[in-house]
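Participant:
Residue numbers (our numbering): 78 to 122.
(1) Anyone know if the C-beta pair for residue 116 and residue 84 falls short of 9 angstroms?
(2) Give the single residue among 90, 92, 86 whose Cα lies nearest to the Cα of residue 114.
(3) Tell me which residues share the same chain as residue 110 and place their Cβ nearer than 8 angstroms to its Cβ, disregarding the 5 neighbours each side in the sequence.
(4) Please name the residue or residues paired with residue 105 in a DSSP beta bridge.
Structure, rendered in structure tokens:
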């Protein structure tokens with residue numbers, strides 16, 4: 078399943094999605110979107 082992740086801060090939820098082993102074969106993150114241009118989540122992405 079392709080998903081987009083909406084972020085606004087340090088990226089803890091994005092990191093959790095990327096590092097959760099049970100999701101590796103279930104999801105593909107195809108976009109990371111934010112209302113802030115300089116949020117830390119973009120560094121993780």
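Built from N, CA and C at the ideal position, the CB exists for glycine as well.
Facilitator: According to the structure shown:
(1) Position 39 of the chain shown, counted from the first residue, corresponds to residue 116. Position 7 of the chain shown, counted from the first residue, corresponds to residue 84. For residue 116 and residue 84, yes; Cβs fall inside 9 angstroms.
(2) The residue you call residue 114 lines up with position 37 of the chain shown. Measuring from the Cα of residue 114, the nearest candidate turns out to be 86.
(3) Your numbering for residue 110 matches position 33 in the chain shown. Counting only Cβ-Cβ distances below 8 angstroms, and skipping sequence neighbours, we find 81, 82, 83, 84.
(4) On the chain shown, position 28 is the one that residue 105 refers to. Note: residue 105 sits in a beta bridge opposite 79.
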